[in-house]
Structures are given as C-alpha cells and as structure tokens.
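In our numbering, the protein residues as written are 7 to 610.
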C-alpha cells in the first residue's frame with residue numbers, strides 16, 4: 007500500500023483544504039499549537055491525533071477516539087470530506103448533517119468491503135501494524151493482553167482462508183450431496199420415463215403396423231371392387247361398341263334399302279308416268295274412235311238419204327266405211343291395254359318391292375331404336391360404372407390420405423419419442439458419469455465430513471507452522487538492533503477448540519528481558535512490533551506512532567527515534583511520530599497542526 011496524500015475539509019477540528027503529504031517524508035515529527043486557549047498553550051487539543059483519525063476515518067469510517075456518524079463534522083459546518091490517495095487512486099468519504107455517508111473509489115460509489123479488498127487490510131491489521139495510538143501509550147505486542155496479541159498474530163495465520171476453505175468444503179459437500187440426490191432422482195425419473203416411452207414406442211409401432219395392414223386390406227378390397235366394376239365397364243364398352251357397329255351396319259343396310267326404295271319409287275313413278283301416258287293415249291284413241299263412229303254413223307245416215315245421188319251416197323258410204331275401220335286404233339288400244347296391264351303388273355311388283363323395303367327399313371329402324379335404347383341404357387350404366395370407379399378411386403385416395411396422415415402423426419410421434427429416448431439415455435449416461443465424479447469428490451471430502459468439518463485442528467497446525475517462523479524473525483530483528491540474543495518466543499499456551507475463534511498467545515521473554523529497564527523493554531517491544539509489521543502480507547509505506555516517546559527519557563527517545571529512522575527505506579518511506587513534548591532530534595520533516603479561531607490548519 008503506497009499512501010501518497012490525505013486531505014480534509016471540516017473533519018472534526020480541521021478547517022478547509024487541509025492537505026498532508028504522506029509518501030517519501032522520512033522520519034516526521036508531528037507537533038501541535040493551540041492558539042485558542044491559553045490554558046493549553048502547548049500542543050494539547052491542537053489536532054495532532056486527529057491526523058491519524060482522519061486517515062482511519064477515510065479508510066474505515068471510524069476513529070481511535072470512537073467518533074462516528076455526523077459527530078465527525080466540524081461544528082458550524084454542513085458536512086465533512088476526507089480523501090486519501092493510495093496507489094494512484096482516490097478514496098473519498100463524505101458525511102453530511104443529514105447523516106448521509108458516501109464512500110467513493112476513483113469517483114465510483116463503493117462499499118466498505120470494496121475499500122478493504124482494494125487495500126487488502128482490515129481495522130485490526132491497520133491499527134496493529136500501521137498506525138498506533140489510542141489516546142495513551144501505544145499498545146505494543148509485549149504489553150498487550152492475550153486477546154490483543156491474538157488479533158496481532160491473526161493476519162499471519164490465514165485463518166480466514168481456513169474458515170473459508172472449510173466453509174467451501176462443507177458447502178461443496180452439501181451441494182454435491184444435494185446434487186447427487188437430485189441426479190439420482192432425475193436418473194430414476196428418467197428410467198421410469200424411459201420405460202413409459204419405450205412402451206409408447208411399442209404401442210406406436212403396433213399402431214403403425216395396424217394402420218399399414220388396414221391400408222393394405224382396404225386397398226385390396228377397394229382394388230377388387232374397382233377391378234370388378236372396371237371389367238363390367240369394359241364389357242359395357244365392348245357391348246356398346248358392338249351395338250354401335252351393328253347400328254352402323256344397320257344404317258348402311260337402311261341406307262341401301264332407302265336407296266333401293268327410292269330407286270323403286272323412281273321406277274314406280276316412271277311406270278305411273280308411262281301408264282298415264284298409255285292411259286291418256288288410249289283415252290284419246292277411244293275418244294277419237296267414238297268421234298269417228300259418230301261421224302261414220304252420220305255419214306252412213308246421210309248416204310241413205312234419198313235426195314243424194316248415188317255417187318254421193320257411195321262416197322258417203324265409202325267414207326262411212328273408212329271411218330268405221332278401227333282396226334289400227336283397236337290394235338293400238340289393245341297394245342296400250344297390254345302395256346298398261348304390264349305396267350300395272352310391274353307397278354304392283356315394284357310397289358310390293360317398295361313395301362318390302364319399307365318393311366325392312368321399319369325393322370331396321372326398330373332394331374336401331376332398340377339398339378339405341380340399349381346403347382343409351384348401357385351408356386348410362388357405363389357412366390355409372392365409370393363414376394363408381396372414380397368414386398372408388400377417390401374413396402381409396404381419401405382413405406389412403408387419411409391413413410397416411412395418421413401414419414405421419416404416428417411416425418412423427420414415434421420419431422419424437424425415439425429422440426426423447428435417445429436424449430434420456432444420453433442424459434442418464436451423463437448423469438451416471440456425473441454421479442461417479444460426485445461420488446469420487448464426496449469420497450475425497452469424506453474425511454472432513456467425518457470430523458464434522460471442524461477446522462480447529464487445521465488452525466492449530468497453522469499456528470504450529472507459523473509461530474516458529476515468527477519467533478525466528480523476531481529474534482533476528484532484535485539481534486540486528488541490539489546486537490544481543492534474547493530468548494524471545496511467542497507460543498500458544500492453549501490450542502483452539504472447535505467453535506473458538508481465539509487462542510491464548512504468550513510471549514516468553516526470559517530473565518534478560520525482564521531485568522531491563524522500562525525504557526529498554528519498551529524499545530525491545532517496539533522492535534518486536536516492527537518485526538511483526540514486516541511480516542504483513544501487504545506492507546504499507548507509512549507508519550505512525552501516537553505518544554510513543556512521551557514516557558521515554560532523552561536517551562531512550564533518541565534510541566527509539568534512531569531505530570525508527572533506520573527503518574526508512576524502500577518499503578517504509580514515511581514514519582510519523584506524534585508527541586506533545588518538544589524533542590531535540592534531526593527529523594527529516596516536521597508537521598505542525600495549529601489550532602486558531604476554532605479550526606486546525608497544517609504548517610509544513
């Protein structure tokens with residue numbers, strides 16, 4: 007710890023902006039002047055001891071005098087501030103009349119524990135080995151009671167580490183035991199869950215197999231139905247095709263018959279026309295014949311007339327004979343009659359043929375109609391069969407989709423369950439591995455558990471190991487100062503017991519020490535104290551003694567101051583000596599605290 011400077015504003019009797027350098031000051035005499043009270047014309051109540059209280063208050067929030075809280079605020083002011091530069095960082099403490107305490111490290115508000123961790127010290131170590139004073143003589147190791155001695159020795163013993171180690175060991179044992187129980191329960195739960203999950207897997211596999219079987223059975227049945235209907239559909243298609251083919255033939259035949267019928271009707275028409283022609287011709291001939299007969303009769307009647315000459319009668323008779331000669335006409339009429347009879351006969355035959363053709367056409371139409379009805383019926387049946395096939399296929403597809411959806415869910419469930427099983431098995435492997443590690447660690451901690459995690463024995467071992475080293479250091483330091491052997495020995499007359507936090511520490515001095523004067527014994531005690539300070543885990547660059555030399559004679563004072571001055575070096579660079587007496591000695595520096603007008607300032 008390198009203390010560089012301490013500053014005060016209205017702390018106790020100090021005024022504003024009181025700055026005191028701490029580092030590299032050598033041996034410093036701290037004097038005082040009280041100008042406010044003639045009764046204390048010397049240094050009493052000047053604020054010398056407040057110098058140490060200021061350092062303690064900034065670091066720990068309390069003083070040698072036991073002044074705390076807002077009592078540290080100088081009367082008539084609203085608050086006080088103290089700051090300390092250590093290792094290049096500023097520790098600052100503020101206190102207001104509102105009883106508000108603020109502690110900062112490099113302008114960051116912190117806790118007391120943070121400051122002590124930063125300085126790696128506590129109140130006991132600091133007041134036993136850095137600053138000495140308690141409104142009286144300095145309590146050195148030699149003239150301190152057992153309780154105080156134990157407090158001085160404790161920083162070298164690492165008891166806190168033993169306590170922390172044992173606590174951590176117990177906490178670790180309890181934590182591991184709890185974790186073991188938790189892991190065992192978890193493993194048991196996992197195994198129970200594994201049994202259930204494996205049962206679920208078997209059940210899911212059975213369901214999947216059942217669904218696949220159900221799908222196959224359904225597809226077999228529906229496939230058979232589709233094949234059966236398809237065969238019927240194909241047969242209907244064949245039948246319809248055959249009927250359509252028959253109808254084509256029938257239509258062809260019908261077309262031929264109608265063509266024949268038309269031809270026959272054309273022939274019949276021609277026969278009729280021929281017949282009409284002959285009939286008309288015959289009628290004309292008959293008419294002509296009647297006309298000739300009438301004319302013949304007329305001429306024949308005229309020929310018998312008496313008035314006519316014989317020649318006229320002859321001519322008329324000849325004309326009558328010529329007119330009554332119908333042989334050619336009769337022949338023509340006979341021929342026409344024969345031809346008409348032939349035409350009638352032929353027309354009758356043609357009519358019969360036409361009727362036969364019509365009858366055949368009717369039969370064909372009937373057959374076509376019948377076939378059409380059958381085709382229509384079979385077409386409807388075929389369409390029904392086709393729809394049935396499509397419906398069966400759709401039913402098959404829907405059922406397949408439904409089953410596949412169920413299978414997808416089952417397979418997803420199966421996969422999730424398998425993953426859970428694998429995860430649980432992996433967890434159990436890790437748990438088994440962790441349990442082995444925990445059991446091994448618990449076995450290693452078992453010896454502590456067997457003794458109930460009692461660290462008293464460990465502390466006694468620590469005492470037995472550290473005390474010889476301390477004794478050797480003390481004897482060597484005393485010899486280096488006084489050039490004489492002193493049988494000094496620190497021992498523990500009463501070992502620690504379980505639950506105790508203190509031991510009885512004795513300092514065996516020997517007759518050579520006892521026979522010395524008080525001043526000489528005090529010098530030896532001081533050397534012992536300095537030797538112990540050298541053993542601190544974190545040495546400090548300053549030391550301070552309040553009233554250390556007040557009760558010494560001039561010779562003893564000089565020896566002690568020489569001893570202190572000899573300590574100034576690389577580690578300890580400043581030693582502050584407070585005394586209300588004036589001392590004639592070549593100090594490196596003198597600091598005077600002067601009280602005037604109700605507040606104390608510093609004169610460097």
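Ideal Cβ placement from N, Cα and C applies to all residues, glycine included.
Buried or exposed by the 16-neighbour rule on C-beta atoms within 10 Å, applied to residue i
| i | result |
| --- | --- |
| residue 158 | buried |
| residue 267 | buried |
| residue 605 | buried |
| residue 597 | buried |
| residue 407 | exposed |
| residue 358 | exposed |
| residue 216 | exposed |
| residue 43 | exposed |
| residue 341 | exposed |
| residue 121 | buried |
| residue 425 | exposed |
| residue 26 | buried |
| residue 270 | buried |
| residue 64 | buried |
| residue 524 | exposed |
| residue 78 | buried |
| residue 403 | exposed |
| residue 504 | Residue placement at residue 504 is poorly supported in this model, since its pLDDT is 46, which falls under 50; the coordinates still yield a value, given next. Residue 504 should be labelled exposed. |
| residue 296 | exposed |
| residue 346 | buried |
| residue 113 | exposed |
| residue 398 | buried |
| residue 80 | buried |
| residue 184 | exposed |
Beta-carbon proximity list for residue i, same chain, < 6 angstroms, skipping 5 on both sides
| i | result |
| --- | --- |
| residue 591 | 567 |
| residue 66 | 129 |
| residue 506 | Here the model assigns residue 506 a pLDDT of 48, short of 50, so the residue's position is not dependable and the matter cannot be decided. |
| residue 91 | 10, 11 |
| residue 142 | Annotation note: pLDDT 42 at residue 142 (below 50); position unreliable, no value reported. |
| residue 52 | 38, 39, 40, 599, 601 |
| residue 550 | 58, 137, 582 |
| residue 416 | 210, 213, 214 |
| residue 125 | 7 |
| residue 457 | Confidence is the limiting factor: at residue 457 the pLDDT is only 48, short of 50, which leaves the residue's position unreliable and the question unanswerable from this model. |
Bridge partner(s) assigned by DSSP for residue i
| i | result |
| --- | --- |
| residue 15 | 87 |
| residue 606 | 20, 601 |
| residue 33 | 581 |
| residue 550 | 137, 582 |
| residue 575 | Paired residues: none, contrary to the question. |
| residue 393 | Answer by DSSP bridge pairing: none, since residue 393 is not bridged. |
| residue 5 | No answer is possible for residue 5: it lies beyond the span of the chain, which begins at 7 and ends at 610. |
| residue 94 | None, per the DSSP bridge assignment. |
| residue 299 | Paired residues: none, contrary to the question. |
| residue 39 | 600 |
| residue 114 | 111 |
| residue 27 | 11 |
| residue 534 | In DSSP, residue 534 forms no bridge with anything. |
| residue 79 | 17 |
| residue 595 | 34 |
Cβ-based neighbour list, residue i, same chain, cut-off 8 angstroms, excluding 5 preceding and 5 following
| i | result |
| --- | --- |
| residue 263 | 363, 366, 367, 370 |
| residue 139 | 55, 58, 70, 550, 551, 552, 553, 584 |
| residue 555 | 562, 563, 566, 567, 583, 585, 587, 589 |
| residue 198 | none |
| residue 423 | 203, 206, 207, 210 |
Close beta carbons around residue i, own chain, < 7 angstroms, minus the five adjacent residues each side
| i | result |
| --- | --- |
| residue 447 | 182 |
| residue 419 | 210 |
| residue 76 | 101, 103, 105 |
| residue 433 | 196 |
| residue 238 | 391 |
| residue 610 | 597 |
Say whether the segment 237-250 touches the segment 377-394, bearing in mind that this needs 3 or more beta-carbon pairs closer than 8 angstroms, one atom from each stretch.
-> Yes, the segment 237-250 is in contact with the segment 377-394.
Let me know the alpha helix (DSSP H) ranges lying completely inside the segment 205-293, each 4 residues or longer, listed in chain order.
-> With a minimum length of 4 residues, there is no unbroken run of alpha helix (DSSP H) contained wholly in the segment 205-293.
Validate contact between the segment 281-290 and the segment 339-350 using beta carbons, cut 8 angstroms, 3 pairs | Segment contact: the segment 281-290 against the segment 339-350, three or more CB-CB distances shorter than 8 angstroms; contact assigned.
Is the segment 24-34 close to the segment 563-583, with three or more CB pairs under 8 angstroms?
-> The segment 24-34, when compared against the segment 563-583, does touch it at the 8 angstroms Cβ threshold.
Between the segment 554-563 and the segment 12-25, do three or more beta carbon pairs fall short of 8 angstroms?
-> The segment 554-563 is not in contact with the segment 12-25.
Three CB pairs or more closer than 8 angstroms across the segment 529-540 and the segment 480-487 | Yes, they touch.
Kindly provide the ranges of any alpha helix (DSSP H) runs that are 4 or more residues long and lie completely inside the segment 353-386, ordered along the chain.
-> Runs of the alpha helix (DSSP H) inside the segment 353-386: none found.
Specify whether the segment 214-234 and the segment 394-410 touch according to this definition: at least 3 beta carbon pairs, one from each stretch, less than 8 angstroms apart.
-> At 8 angstroms Cβ cutoff, the stretches touch.
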